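Residue numbers (UniProt numbering): 1 to 228.
Ideal placement from N, C-alpha and C gives every residue a C-beta, glycine not left out.
Owing to the predicted nature of the structure, the values given are computational and were not obtained by experimental measurement.
Worksheet: one structure, shown below.
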């Protein structure tokens, strides 16, 4: 889990403070769900639970459904699915409500708020000074987490990008570009400059692709005309 405090003016981005917890992240939420659902299947029988969780294949199947459940519960109240031949020939009725999910992970959500307070303290900033909150990462789709952050910071509507799952990866690529050849060519380049350059490059490639398609169609027409 990472929280950053930034000041943005025109195309300039200044990082005021950054905090990161290596002890907590989205994987912890998934692990909590896996443990709970394994308990549901085994009726919390310790011996059966230990036997099931030692089966790597079964745990991975359960994990994939827990990840899917998190995503589905961002837009619906319940997630139900029958996992056939789940363990020892038995089917598993995977049933999880959003309310139960929020109850199970409440302490994890509160840790996020602690990280927000920590970065504000580091940056010497008050909650009232915050103009906008941008959330990235798969867990930011969780309605309860967004709700808690909105209430905690006092922002009525936090911003969640539609590409929130890949935002961290995109940021890494942009940072690498800045540290690479482009930055050497122009030391004044900012993050937004790189994004803009990337977009323009993508537009050029798309135009070139259309031009080639048009050229191929023209050649095919000429070929057919010659055959006639």
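Cut-off 6 Å between Cβ atoms - residues of its own chain near residue i, not counting five sequence neighbours on either side
i: residue 29; result: 105 and 108
i: residue 150; result: 158
i: residue 94; result: 65, 81 and 83
Chain-order list of residues whose beta-carbon lies under 7 Å from that of residue i (same chain, five-residue window excluded)
i: residue 152; result: 113 and 116
i: residue 63; result: 30 and 34
i: residue 14; result: 6 and 7
i: residue 130; result: 153 and 155
DSSP state of residue i mapped onto helix, strand, coil
i: residue 19; result: strand
i: residue 6; result: strand
i: residue 153; result: helix
i: residue 209; result: helix
i: residue 11; result: coil
Closest Cα partner of residue i within the set the options
i: residue 55; options: 86, 76 and 156; result: 86
i: residue 41; options: 68, 89 and 27; result: 89
i: residue 20; options: 138, 128, 127 and 118; result: 118
i: residue 145; options: 176, 128 and 103; result: 103
i: residue 75; options: 140, 209 and 18; result: 140
i: residue 111; options: 25, 46 and 209; result: 25
i: residue 17; options: 120, 32 and 61; result: 120
i: residue 133; options: 147, 97 and 71; result: 147
Where residue i falls, given that 16 or more other Cβ within 10 Å makes a residue buried
i: residue 3; result: buried
i: residue 79; result: buried
i: residue 126; result: exposed
i: residue 69; result: buried
i: residue 58; result: buried
i: residue 211; result: exposed
i: residue 176; result: exposed
Residues near residue i by beta carbon distance below 8 Å, same chain, minus five either side
i: residue 91; result: 82, 83, 84 and 85
i: residue 128; result: 154
Near the ligand MG: residue i beta-carbon under 8 Å from a heavy atom
i: residue 131; result: By its list of ligands, the structure shown contains no ligand whatsoever, and the ligand MG lies outside what it can speak to.
- Task: Pick out the complete beta strand (DSSP E) segments inside the stretch 17-94, 3 residues or longer, and give them in chain order.
- Result: 78-87
- Task: Quick one: which unbroken alpha helix (DSSP H) runs of 4-plus residues sit fully inside the stretch 95-127? Chain order, please.
- Result: 98-104 and 106-122
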